[in-house]
Amino acid sequence: MGLVSQAVHDGGRHVIGVIPKTLMPRELTGETVGEVKAVAGMHQRKAEMARHSDAFIALPGGYGTLEELLEVITWAQLGIHDKPVGLLNVDGYYNSLLSFIDKAVEEGFISPNARHIIISAPSPKELVKKLEEYVPCHEGVASKLIWETEQLGYPQAHEISR
12 MGLVSQAVHD GGRHVIGVIP KTLMPRELTG ETVGEVKAVA GMHQRKAEMA RHSDAFIALP
72 GGYGTLEELL EVITWAQLGI HDKPVGLLNV DGYYNSLLSF IDKAVEEGFI SPNARHIIIS
132 APSPKELVKK LEEYVPCHEG VASKLIWETE QLGYPQAHEI SR
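Using my numbering, the first residue of the sequence shown is number 12, and each one after it goes up by one.
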């Protein structure tokens with residue numbers, strides 16, 4: 012993510028990095044770019060990142076990427092946010108995951124409308140275009156519930172600007 016942060020910063024945009032305090036000695040190994048916010052833990056990190064985001068984009072990655080991706084998809088399904096969730100599907104990296112999700116829709120585990128939470132494209136330019144055109148079409152399962160988001164400082168769905 013360092014290269015992405017640097018490119019965004021070099022492009023004149025504001026960069027906010029959010030990191031759990033316990034990971035700071037291990038992960039901050041050099042000069043930081045932009046603003047760095049230290050938080051208590053991983054869940055608070057995700058809530059803080061969500062608060063400052065206009066959209067979520069997953070680049071090819073491992074377990075951490077997958078965990079964060081599935082959480083923001085779940086938050087959208089529950090109605091906690093209505094921001095677009097994008098997969099940068101470089102060289103078909105996410106094809107197997109998308110097939111799994113399509114199978115879950117086919118088997119009735121995911122509603123067809125909720126399938127549209129996820130947007131994918133093979134190039135950054137195409138993905139950004141799709142994210143800009145995104146209109147939520149799924150029903151929040153529990154959009155009237157506040158959950159624990161207030162405790163984490165995450166705004167209620169009606170307070171989120173798109």
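Glycine residues also receive a C-beta, built at the ideal position from the N, C-alpha and C atoms. This one's a predicted model, so the numbers in the text were calculated from it and none came from an experiment.
Look up F120 in the DSSP assignment and say whether it is helix, strand or coil. For the purposes of this step, residue 120 is taken as the residue at position 109 of the sequence shown. If DSSP states are grouped into helix, strand and coil, F120 belongs with coil.
Using a Cβ distance threshold of 8 angstroms, determine whether the region 26–35 contacts the region 46–53, with at least three qualifying pairs required. Of all C-beta pairs linking the region 26–35 to the region 46–53, three or more are shorter than 8 angstroms, placing the two stretches in contact.
Which ranges does the beta strand (DSSP E) cover as unbroken runs of at least 3 residues, wholly within the region 86–131, from first to last along the chain? At a cut-off of 3 residues, the continuous stretches assigned as beta strand (DSSP E) that sit fully inside the region 86–131 are 96–99.
Determine the contact status of P71 and V101, defining contact as a CB-CB distance below 8 angstroms. Your numbering for residue 71 matches position 60 in the sequence shown. Your numbering for residue 101 matches position 90 in the sequence shown. Yes, the Cβ-Cβ distance between P71 and V101 is below 8 angstroms.
Please report the straight-line C-alpha distance between G22 and L99, rounded to a whole angstrom. As a first step, residue 22 is located in the sequence shown; it is residue number 11 there, counting from the start. As a first step, residue 99 is located in the sequence shown; it is residue number 88 there, counting from the start. One C-alpha to the other measures close to 20 angstroms.
Identify, in the order they occur along the chain, each residue of the same chain with its Cβ nearer than 7 angstroms to the Cβ of Y2, setting aside the five sequence neighbours on each side. With the chain represented from 12 up to 173, any question about residue 2 goes unanswered, as that position is not in the structure.
Which first and last residues belong to the alpha helix (DSSP H) in which P135 is found? Along the sequence shown, one-based indexing puts residue 135 at 124. P135: member of the alpha helix (DSSP H) spanning P135 to E144, first to last residue.
Rounded C-alpha distance that separates K140 from E82: Residue numbering aside, residue 140 sits at position 129 when the sequence shown is read from its first letter. Residue numbering aside, residue 82 sits at position 71 when the sequence shown is read from its first letter. In a straight line, the C-alpha of K140 is about 23 angstroms away from that of E82.
Along the beta strand (DSSP E) that carries P31, what are the first and last residues, could you check? In the sequence shown, the residue the question calls residue 31 occupies position 20. P31: member of the beta strand (DSSP E) spanning I27 to P31, first to last residue.
From V11 to M35, what does the alpha carbon distance come to, in whole angstroms? Outside the shown range of the chain, which is 12 to 173, sits residue 11, and nothing can be said about it.
E117 versus L77 - alpha carbon distance: The residue you call residue 117 lines up with position 106 of the sequence shown. The residue you call residue 77 lines up with position 66 of the sequence shown. When rounded, the separation of the alpha-carbon atoms in E117 and L77 is 22 angstroms.
Answer yes or no: do G97 and L142 have a C-beta to C-beta separation smaller than 8 angstroms? The residue you call residue 97 lines up with position 86 of the sequence shown. The residue you call residue 142 lines up with position 131 of the sequence shown. Judged by their CB atoms, G97 and L142 are nearer to each other than the 8 angstroms cut-off.
Among G119, D93 and M53, the one whose alpha carbon lies nearest that of I128: As a position in the sequence shown, residue 128 is number 117, starting the count at 1. Residue D93 holds the alpha-carbon nearest to the alpha-carbon of I128 among G119, D93 and M53.
Distance, Cα to Cα, S16 vs I112? Here residue 16 corresponds to residue number 5 of the sequence shown, with the count starting at 1. Here residue 112 corresponds to residue number 101 of the sequence shown, with the count starting at 1. If I take the Cα positions, the gap works out to 30 angstroms.
Separation of F67 from H54, as counted between CA atoms: Against the sequence shown, residue 54 aligns to sequence position 43. Against the sequence shown, residue 67 aligns to sequence position 56. Cα-Cα distance, rounded: 16 angstroms.
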